[in-house]
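There are 2 protein chains.
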Amino acid sequence: MAGSLYALILAGGSGSRLWPLSRELHPKQLMKIEGDYTLFQAAFIRLVNCVDDKNILSITNVKLETQVRTQLKELQEKFCRNSSYRVVTEPESKNTAPAIALGIKFVEKMQDAALGNCPKDDPIIISVPSDSLIGDEEKFSEAINEAVKLAKENYIVALGVKPERADAGLGYIKTKRNKKIKDISMDALKVEYFIEKPDKESAQEFVDSKKYYWNSGIYVFKASVMMAELKKYEPEIVDILKKSEISSQTPTIAYTDFEKMPDISIDYAVMEATKKLAMVPLDCEWKDVGSWDAIYEISEKDENGNYLMGNVVDLGSKNSMIYSTSKLITSIGLEDTVVVETEDALLVCDRENSNDVKKIVSHLKERGDEVQLTHKTVYRPWGYYTVLTEGNGFLTKCIYVNPGAKLSVQLHHHRSEHWVVVEGKAMVLKGEELFELQNGESVDIEVEEKHSLQNPFDEPLKILEVQQGDILDENDIVRFEDMYGRV
Amino acid sequence: MAGSLYALILAGGSGSRLWPLSRELHPKQLMKIEGDYTLFQAAFIRLVNCVDDKNILSITNVKLETQVRTQLKELQEKFCRNSSYRVVTEPESKNTAPAIALGIKFVEKMQDAALGNCPKDDPIIISVPSDSLIGDEEKFSEAINEAVKLAKENYIVALGVKPERADAGLGYIKTKRNKKIKDISMDALKVEYFIEKPDKESAQEFVDSKKYYWNSGIYVFKASVMMAELKKYEPEIVDILKKSEISSQTPTIAYTDFEKMPDISIDYAVMEATKKLAMVPLDCEWKDVGSWDAIYEISEKDENGNYLMGNVVDLGSKNSMIYSTSKLITSIGLEDTVVVETEDALLVCDRENSNDVKKIVSHLKERGDEVQLTHKTVYRPWGYYTVLTEGNGFLTKCIYVNPGAKLSVQLHHHRSEHWVVVEGKAMVLKGEELFELQNGESVDIEVEEKHSLQNPFDEPLKILEVQQGDILDENDIVRFEDMYGRV
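Chains as they are written, first to last, in our numbering: chain A, 8 to 494; chain B, 8 to 494.
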């Protein structure tokens with residue numbers, strides 16, 4: 008029996024090919040690339056037309072959980088829902104095959120919790136990436152509805168997009184007509200095979216032949232069918248999952264042995280091998296936001312083929328993308344070049360090589376460089392902070408506290424802190440004393456002194472903090488109380 | 008009668024081709040490019056071997072005067088001289104011909120002041136740029152001594168350098184043997200003609216022919232000879248100068264009509280036209296620090312032909328120069344590219360086009376962009392400050408005060424200031440109260456409150472300043488006392 012519809016949004020990726028704009032701790036899917044919503048939020052909103060919103064699960068990793076929950080909370084308010092949207096948290100990112108398996112298991116647990124010993128149906132699951140732009144929500148819903156029909160008949164269905172150019176960074180689907188499939192859904196096609204990231208020449212041939220589609224990464228399948236295919240082609244994933252304990256109420260990060268999961272995508276694990284694949288065309292604008300070259304391709308360019316963004320002064324460059332988020336970029340005579348600037352890092356890259364950006368990120372990771380992890384701006388449950396300057400024995404931050412938020416009650420062994428309110432007002436706990444600090448006022452927090460910074464007011468609070476001490480380290484923190492459970 | 012020896016250091020240039028490292032208000036000649044001294048200081052030290060140091064005049068413009076004086080003061084202490092070195096200040100930069108004419112006039116005035124109505128000799132003048140690196144000080148002195156011999160015989164003498172490569176950014180001197188000149192100085196040659204900045208092919212021919220030298224821009228001449236040639240070929244300069252009033256004691260900026268001076272180099276004004284030119288070879292390493300390509304050429308490169316400086320992670324680039332002063336630069340697959348990053352601006356440029364950098368600077372100037380003027384770091388007589396962050400109604404600075412220095416006694420109509428000492432200690436005047444502020448302590452200065460920040464101690468002082476107010480402008484300052492005469 009096939010029945011209730013669920014959706015999984017895969018939101019645990021690190022987006023390393025969009026360095027330095029995207030970071031492991033603030034990846035592209037959590038950023039606004041186009042419009043008012045982040046890519047992740049847009050993926051959620053798109054699904055609400057097809058699936059009951061309480062059946063949409065967001066799968067991410069523990070490091071991104073807070074940000075994902077914050078973005079979901081914004082949507083929940085928009086849709087006026089009372090119950091929180093579900094987040095499934097992986098202890099670490101393990102690519103899409105383990106993420107999807109975990110999502111399916113979680114759906115089953117939700118059903119167990121809701122229905123107890125009553126008979127359960129076999130849920131249909133829509134799995135979507137969280138990093139693409141889709142131009143037409145109705146076309147998306149139509150394609151999903153067609154795919155669901157096929158999934159009910161035990162097909163694993165991919166949504167395919169007509170290719171517009173020979174992009175070597177995408178996956179290609181070779182299709183053929185098939186009567187059985189056509190009987191279920193008019194436009195659907197049988198999939199002959201998958202090719203992930205071909206070389207440039209092959210990509211051009213595929214586009215010219217008109218028999219290939221881009222793989223959108225959107226899949227629809229019956230839970231039991233996918234689990235059977237996983238068991239067949241990647242049994243390790245199913246075995247590890249079987250042993251794990253998962254609570255359906257409070258997703259914890261205590262999944263047994265999750266770190267042993269193979270690091271493999273669903274495309275390589277199942278899609279390349281399975282015989283059950285069908286494809287439904289997604290007949291609207293679809294943009295992959297995978298690499299800088301892809302972003303260049305989808306951008307509106309000037310008469311010299313340049314996409315210039317932010318504070319840029321250019322002289323004679325061609326077919327280049329120059330993107331500034333903070334400082335002035337001056338450029339002369341560049342060709343086919345990508346320049347991306349953020350507050351703390353810079354990428355200058357030949358456009359052709361833009362898929363190699365992830366190699367740079369791996370390299371930074373190997374050498375233990377924190378810059379690949381975070382921006383100078385670091386997101387916290389209560390807001391964010393930006394490191395302004397680090398000197399010998401001191402460090403300054405600009406701290407932004409959301410209305411209603413509170414930093415934990417804490418102390419530091421090695422540093423004193425000095426706060427000046429520059430926007431809004433603060434409630435400060437200093438030792439045992441609790442008092443308001445107005446815009447323009449300041450307070451000193453001594454080494455070993457218990458303190459907390461709070462914003463119980465309606466306006467955002469911004470303070471400048473000067474830290475001083477022999478050790479200035481985020482780990483020098485003893486927490487006593489924390490509204491975000493971090494004690 | 009030819010006699011006393013003087014030197015002019017031309018230190019008023021803006022170094023716009025080295026944007027963004029060099030700025031109008033902090034140009035390359037005032038920067039340390041190699042070794043312990045700035046290029047300007049190195050030019051001075053080099054001359055001390057040939058000329059009495061009190062006869063060395065530094066010619067700069069009013070905007071750079073403070074920095075030039077500060078750098079001279081450091082040298083004066085090194086050479087244990089009591090009298091200050093002379094600075095001639097142009098009201099605005101007008102290229103090298105007016106600067107040299109002004110220098111000559113100033114030398115004459117110095118003689119008048121020293122000798123009154125006694126007979127004066129016709130001074131020999133060495134004019135040097137302040138932006139080249141010279142490898143051998145003895146060879147330099149030898150060449151100058153030879154040039155002085157020729158200058159005494161009414162030649163205008165250029166020092167020439169054997170060209171090492173076809174650099175289109177330099178001037179070339181075509182020479183021939185001449186018996187009369189050889190009789191005065193063994194190695195000296197007659198100059199047939201000058202070619203400023205030829206095209207790349209011509210430059211290559213010049214280098215191959217071995218009859219051409221690079222023009223070092225170092226000239227030696229008799230004051231009367233140069234003035235006569237200027238009168239002949241660029242009479243306007245001499246006319247305007249004749250009308251100006253110049254005091255030999257306190258160089259003021261009140262030279263009449265200086266803004267009417269033609270903006271022309273001595274090369275175009277005199278050297279291309281005069282028949283009196285001779286050349287003495289400067290037989291040692293000489294490096295022009297004119298453009299980024301020139302800096303690339305003189306740098307030590309790795310096996311891929313790259314010059315990587317600062318925090319750079321590169322993947323497969325070739326023959327490129329990547330120079331970071333603050334943030335991480337990641338680069339992939341660049342060829343013949345220059346990337347230069349400073350705290351507030353960035354240049355990405357095809358190496359071949361690096362002479363076009365000045366066009367970018369002109370463009371920024373046209374659109375009134377202050378970034379071409381200064382770095383985020385601004386130099387003051389008492390030290391410097393760096394703007395860390397600007398927000399809505401607030402601004403933070405890191406202020407560095409030299410030992411023994413004092414900021415003026417002042418007040419602001421529109422902002423309060425909040426200071427935290429992060430290095431050294433301060434003497435603070437707040438209202439009528441004068442007190443010490445230790446490392447880690449802080450003080451609030453109210454709107455309209457008279458105050459002064461001073462460092463009478465031996466160690467440098469660093470404070471973090473938070474400014475708050477509706478108007479945050481460097482012009483909102485009322486000065487009462489100032490040790491640098493800025494009241």
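All C-beta atoms in this analysis are idealised placements derived from N, C-alpha and C, irrespective of residue type, glycine included.
Alpha-carbon spacing of residue i relative to residue j, whole angstroms
{"i": "T349 (chain B)", "j": "E455 (chain B)", "result": "36 Å"}
{"i": "M8 (chain B)", "j": "I133 (chain B)", "result": "Because M8 (chain B) carries a pLDDT of 47, less than 50, the predicted location of this residue cannot be relied on, and no value is offered for it."}
{"i": "T259 (chain B)", "j": "Y314 (chain A)", "result": "For T259 (chain B), the pLDDT reaches just 47, beneath the cut-off of 50, and the residue's location in the model is therefore unreliable, although a value from the coordinates is still provided. Computed Cα separation, rounded: 50 Å."}
{"i": "P205 (chain A)", "j": "Q78 (chain A)", "result": "35 Å"}
{"i": "E81 (chain B)", "j": "I16 (chain B)", "result": "16 Å"}
{"i": "K239 (chain B)", "j": "A301 (chain B)", "result": "35 Å"}
{"i": "T73 (chain B)", "j": "K437 (chain B)", "result": "27 Å"}
{"i": "L335 (chain A)", "j": "L371 (chain B)", "result": "10 Å"}
{"i": "F51 (chain B)", "j": "D343 (chain A)", "result": "45 Å"}
{"i": "R93 (chain A)", "j": "S298 (chain A)", "result": "29 Å"}
{"i": "E481 (chain B)", "j": "Q474 (chain B)", "result": "11 Å"}
{"i": "H425 (chain B)", "j": "V429 (chain A)", "result": "11 Å"}
{"i": "T67 (chain B)", "j": "T103 (chain B)", "result": "10 Å"}
{"i": "K325 (chain A)", "j": "N360 (chain B)", "result": "14 Å"}
{"i": "V319 (chain B)", "j": "E31 (chain A)", "result": "20 Å"}
{"i": "G178 (chain B)", "j": "S306 (chain B)", "result": "21 Å"}
{"i": "V198 (chain B)", "j": "E153 (chain B)", "result": "15 Å"}
{"i": "K207 (chain A)", "j": "F213 (chain A)", "result": "10 Å"}
{"i": "E292 (chain B)", "j": "F147 (chain B)", "result": "10 Å"}
{"i": "K218 (chain B)", "j": "M193 (chain B)", "result": "17 Å"}
{"i": "I264 (chain B)", "j": "I271 (chain B)", "result": "The sequence shown places Asp at residue 264 (chain B), rather than the Ile named in the question. About 16 Å."}
Minimum Cβ-Cβ distance from residue i to chain B less than 8 Å
{"i": "Q211 (chain A)", "result": "no"}
{"i": "K372 (chain A)", "result": "no"}
{"i": "K187 (chain A)", "result": "no"}
{"i": "Q475 (chain A)", "result": "yes"}
{"i": "L460 (chain A)", "result": "no"}
{"i": "N360 (chain A)", "result": "yes"}
{"i": "T332 (chain A)", "result": "no"}
{"i": "D351 (chain A)", "result": "yes"}
{"i": "A261 (chain A)", "result": "In this prediction, A261 (chain A) scores a pLDDT of 49, lower than 50, which makes its location untrustworthy; no coordinate-derived value is stated."}
Those residues which DSSP pairs with residue i across a bridge
{"i": "V164 (chain A)", "result": "A:V227 and A:A285"}
{"i": "M328 (chain A)", "result": "A:Y314 and A:V345"}
{"i": "H458 (chain B)", "result": "B:Q417 and B:K437"}
{"i": "L196 (chain B)", "result": "B:M286"}
Beta-carbon proximity of residue i to residue j, cut-off 8 Å
{"i": "E472 (chain A)", "j": "T384 (chain A)", "result": "no"}
{"i": "S34 (chain A)", "j": "V347 (chain A)", "result": "A small fix is needed here, since residue 34 (chain A) is Pro in this sequence, not Ser. Cβ distance not < 8 Å, so P34 (chain A) and V347 (chain A) don't count as in contact."}
{"i": "Y303 (chain A)", "j": "V355 (chain A)", "result": "no"}
{"i": "A280 (chain A)", "j": "L196 (chain A)", "result": "no"}
{"i": "V245 (chain A)", "j": "M234 (chain A)", "result": "yes"}
{"i": "V164 (chain A)", "j": "Y220 (chain A)", "result": "no"}
{"i": "S139 (chain A)", "j": "K365 (chain A)", "result": "no"}
{"i": "I180 (chain B)", "j": "F201 (chain B)", "result": "yes"}
{"i": "D357 (chain B)", "j": "S338 (chain B)", "result": "no"}
{"i": "I503 (chain A)", "j": "V95 (chain A)", "result": "Any question about residue 503 (chain A) goes unanswered here, given that chain A covers just 8 to 494."}
Neighbour flag for residue i against chain A, beta carbons, 8 Å
{"i": "G398 (chain B)", "result": "yes"}
{"i": "D480 (chain B)", "result": "no"}
{"i": "N409 (chain B)", "result": "no"}
{"i": "A175 (chain B)", "result": "no"}
{"i": "S369 (chain B)", "result": "no"}
{"i": "I247 (chain B)", "result": "no"}
{"i": "L12 (chain B)", "result": "no"}
{"i": "T384 (chain B)", "result": "no"}
8 Å Cβ cutoff, residue i in contact with chain D
{"i": "D465 (chain A)", "result": "This model lacks chain D altogether, as its protein chains are A and B."}
(request) Anything in the region 18-29 of chain A with a Cβ closer than 9 Å to a Cβ of chain B? List those residues in chain order, please. (result) W26 and P27
(request) Determine which residues of the region 402-434 of chain A have a Cβ less than 7 Å from any Cβ of chain B, and write them out in chain order. (result) T403, C405, S423, H425, V427, V429 and E430
(request) Could you list the residues in the region 141-155 of chain B with a C-beta less than 9 Å from some C-beta on chain A, going in chain order? (result) Contacts with chain A (Cβ-Cβ distance below 9 Å) from the region 141-155 of chain B involve no residue at all.
(request) For the region 90-117 of chain B, enumerate the residues whose C-beta is nearer than 7 Å to any C-beta of chain A, in chain order. (result) none
(request) Could you list the residues in the region 37-65 of chain B with a C-beta less than 9 Å from some C-beta on chain A, going in chain order? (result) Within the region 37-65 of chain B, no residue has a Cβ that lies closer than 9 Å to any Cβ of chain A.
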